[in-house]
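Mapping to numbering that gives the first Met the number 0: the sequence shown position 414 is 413, numbers consecutive. Glycine is no exception: its CB is placed at the ideal position from the N, C-alpha and C atoms.
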Amino acid sequence: MSPRRRTVLAAVGSTAAALSAGVGYWQRHRLRRRDETDAIEAALGIDPPAVETSVAVTDAHLHASYSRARDHIEETASLLDSAADASGTQHSRRARAQLDDAHEDLDASRPSELTDDEVPLEILTTYRLAIAGSAWARSVVHDGSAGPPSEALHDASEALRADLDGIEPQYRGSSLSAAVVQCGEADEMCAVAASRASRAQRFLDDSEYSHAVTWEVVETARQTVYDADWLFDEQDGRDRTGALADAFERLTDRVDTDTENVTSEYEDGVRSHAAARLTDRRLSGTAPETHFDAGRPALAVREQAQTAMIAATLDSLAGFPSTRALDGSEHVLTDDSEPLLAAKRDATEALTAAADEAGVDPLGRYLLAEAIDTADRGDRQLTRLLDNVNSYDHEAWVSRRDTAYLRFRAAAAEARAVPDVVELVNG
Numbered sequence: 000m001s002p003r004r005r006t007v008l009a010a011v012g013s014t015a016a017a018l019s020a021g022v023g024y025w026q027r028h029r030l031r032r033r034d035e036t037d038a039i040e041a042a043l044g045i046d047p048p049a050v051e052t053s054v055a056v057t058d059a060h061l062h063a064s065y066s067r068a069r070d071h072i073e074e075t076a077s078l079l080d081s082a083a084d085a086s087g088t089q090h091s092r093r094a095r096a097q098l099d100d101a102h103e104d105l106d107a108s109r110p111s112e113l114t115d116d117e118v119p120l121e122i123l124t125t126y127r128l129a130i131a132g133s134a135w136a137r138s139v140v141h142d143g144s145a146g147p148p149s150e151a152l153h154d155a156s157e158a159l160r161a162d163l164d165g166i167e168p169q170y171r172g173s174s175l176s177a178a179v180v181q182c183g184e185a186d187e188m189c190a191v192a193a194s195r196a197s198r199a200q201r202f203l204d205d206s207e208y209s210h211a212v213t214w215e216v217v218e219t220a221r222q223t224v225y226d227a228d229w230l231f232d233e234q235d236g237r238d239r240t241g242a243l244a245d246a247f248e249r250l251t252d253r254v255d256t257d258t259e260n261v262t263s264e265y266e267d268g269v270r271s272h273a274a275a276r277l278t279d280r281r282l283s284g285t286a287p288e289t290h291f292d293a294g295r296p297a298l299a300v301r302e303q304a305q306t307a308m309i310a311a312t313l314d315s316l317a318g319f320p321s322t323r324a325l326d327g328s329e330h331v332l333t334d335d336s337e338p339l340l341a342a343k344r345d346a347t348e349a350l351t352a353a354a355d356e357a358g359v360d361p362l363g364r365y366l367l368a369e370a371i372d373t374a375d376r377g378d379r380q381l382t383r384l385l386d387n388v389n390s391y392d393h394e395a396w397v398s399r400r401d402t403a404y405l406r407f408r409a410a411a412a413e414a415r416a417v418p419d420v421v422e423l424v425n426g
């Protein structure tokens with residue numbers, strides 16, 4: 000046998016041995032974790048209650064929003080047909096493709112053909128996305144060549160400002176909870192549209208930005224204002240403006256009390272889970288006080304209610320390190336997956352009890368959906384564990400297991416806080 004062939008065979012033999020050892024290692028990994036994976040699969044099999052969206056969108060609103068989106072697309076098609084200088088160009092072909100896609104998306108979400116599984120509030124987003132495609136196509140007609148923004152784009156931006164100025168919020172509701180959720184959604188839509196109006200103006204003032212993007216920002220914001228106006232107008236019941244202000248004050252006092260003496264450190268140099276959750280909440284978006292000062296009281300109350308729910312959990316979570324500190328070695332919360340399974344059961348029981356107590360109360364259901372999302376984040380951690388059972392080392396495995404455990408503990412605490420927060424809002 001030639002020296003070269005002996006070398007090749009030796010290399011092949013070494014590789015096979017290494018592969019065999021590697022396979023054996025991963026198989027032992029899986030076998031050692033069999034009990035844990037069984038417990039994780041059992042935890043994933045425990046389903047929290049399903050909670051329907053608490054924002055009601057009427058059939059009349061859906062049909063009106065659909066019709067406005069359809070009219071926008073048809074108007075853009077007419078503009079493309081009449082723009083002789085745009086026909087046949089690469090941009091024009093892409094614009095027509097965008098318009099065809101927008102037509103398809105819209106046709107797939109006709110109000111008369113929606114199923115019970117589809118969420119009306121999400122369908123409104125589908126209509127806005129169709130308008131985004133139409134707006135991009137419209138930019139080809141008005142701003143297809145390099146240069147300053149067209150007069151048509153300036154006019155569209157001014158129309159958005161006029162839409163925002165023309166909306167008249169009415170904070171009515173059959174209950175205060177209903178006003179918080181329904182009008183809170185409308186308030187949020189107005190806040191989003193106002194932010195996009197400011198963004199569009201920056202784009203118009205800076206030639207670095209794409210006019211096509213500005214068209215999309217402006218036209219989708221106008222549709223958002225249209226939907227907000229519908230949500231405000233469709234509310235029945237008493238005027239709740241004064242009650243919203245009172246509820247916001249009560250919630251703010253409660254949040255101040257519950258966060259006054261939060262344990263900031265788990266140990267020297269390690270933040271507590273309570274302090275980390277409070278910081279995450281405060282950094283998650285616009286402060287409720289800012290919404291209130293901007294004249295959006297329903298949104299302010301809705302967001303402060305969620306903050307109050309989280310603040311109510313801080314005492315029970317102060318004895319744990321933040322999830323960022325869970326390294327699987329120095330800071331370990333669980334020795335195996337049994338505590339994880341118990342925490343998931345407890346969270347599900349708490350969520351179910353809160354769902355029963357909330358009933359059809361809109362704010363209770365809204366807050367409960369947030370607590371369920373916390374539990375879902377724990378489930379996603381568990382799914383990642385199962386997907387990577389052979390690849391995670393010990394520290395990574397334990398860290399993610401402990402993170403899921405804390406998610407379930409937090410979800411249970413949030414669920415138990417929901418009834419009290421709803422009662423506080425309703426006074």
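Where residue i falls: helix, strand or coil (DSSP)
i, result
"G23", "For G23, the pLDDT reaches just 41, beneath the cut-off of 50, and the residue's location in the model is therefore unreliable, leaving the point undetermined."
"V331", "coil"
"R383", "helix"
"G236", "coil"
"R400", "helix"
"Y391", "coil"
"T114", "coil"
"P47", "coil"
"N425", "helix"
"R276", "helix"
"D37", "helix"
"L325", "coil"
"T246", "Looking at the sequence shown, residue 246 is not Thr but Ala. Reduced to three states, the DSSP call for A246 is helix."
"V254", "helix"
"E302", "helix"
"A286", "coil"
"A144", "Checking the sequence shown, residue 144 turns out to be Ser, not Ala. Correct three-state label for S144: coil."
"I122", "helix"
"G377", "helix"
"T219", "helix"
"A82", "coil"
"E348", "helix"
"T213", "helix"
"G294", "coil"
"T75", "helix"
"S149", "coil"
"Y208", "coil"
"V417", "helix"
Rounded distance between the beta-carbons of residue j and residue i, thought under 8 Å
i, j, result
"E378", "L43", "In the sequence as displayed, the identity of residue 378 is Asp instead of Glu. Their Cβ separation, rounded to whole angstroms, is 6 Å, which keeps D378 and L43 in contact under 8 Å."
"L243", "Y170", "6 Å"
"Y265", "A310", "18 Å between Cβ atoms; not a contact."
"A353", "P418", "6 Å"
"T312", "E413", "6 Å"
"T403", "W229", "The sequence given here has Ala at residue 403, not Thr. The pair is not a contact, with the Cβ atoms about 40 Å apart (cut-off 8 Å)."
"D104", "L128", "6 Å"
"V224", "A199", "Their Cβ separation, rounded to whole angstroms, is 13 Å, which puts V224 and A199 out of contact at 8 Å."
"S263", "G327", "Between G327 and S263 the Cβ distance is about 23 Å, and since that is not below 8 Å, they are no contact."
"A349", "A411", "4 Å"
"T219", "A131", "5 Å"
"S53", "P361", "4 Å"
"R408", "L384", "R408 to L384, Cβ: 17 Å. No contact."
"L298", "G183", "5 Å"
Status (buried if at least 16 other CB within 10 Å, exposed otherwise) for residue i
i, result
"R281", "exposed"
"S209", "exposed"
"H393", "exposed"
"V300", "buried"
"A49", "exposed"
"R33", "exposed"
"T256", "exposed"
"D375", "exposed"
"T114", "exposed"
"R221", "buried"
"T57", "exposed"
"G146", "exposed"
"T382", "exposed"
"E187", "buried"
"G363", "buried"
One or two residues paired with residue i in a DSSP bridge
i, result
"G172", "R237"
"P320", "S271"
"E264", "R270"
Check: residue i C-beta below 6 Å from any heavy atom of the ligand SAM
i, result
"D392", "No copy of the ligand SAM appears in this structure; indeed no ligand is present at all."
Residue i at chain B interface by Cβ criterion, 7 Å
i, result
"N425", "As a matter of chain content, chain B is missing from the structure shown, which is built from one protein chain."
Give a yes or no on contact between the stretch 66-78 and the stretch 134-149, applying the rule of three or more CB pairs nearer than 8 Å. The answer is yes - the stretch 134-149 touches the stretch 66-78, with three or more Cβ pairs under 8 Å.
Between the stretch 154-162 and the stretch 91-98, are three or more C-beta pairs nearer than 8 Å? Result no; under three Cβ-Cβ pairs closer than 8 Å.
Counting beta carbon pairs with one atom in the stretch 340-350 and one in the stretch 288-308, are three or more of them shorter than 8 Å? Under the 8 Å Cβ criterion, the stretch 288-308 does not count as touching the stretch 340-350, having fewer than three qualifying pairs.
Cβ pair count under 8 Å reaching 3, the stretch 165-180 against the stretch 230-239: Yes, the stretch 165-180 touches the stretch 230-239.
Pairing CB atoms from the stretch 312-330 with CB atoms from the stretch 259-274, are three or more of them under 8 Å? Yes, the stretch 312-330 touches the stretch 259-274.
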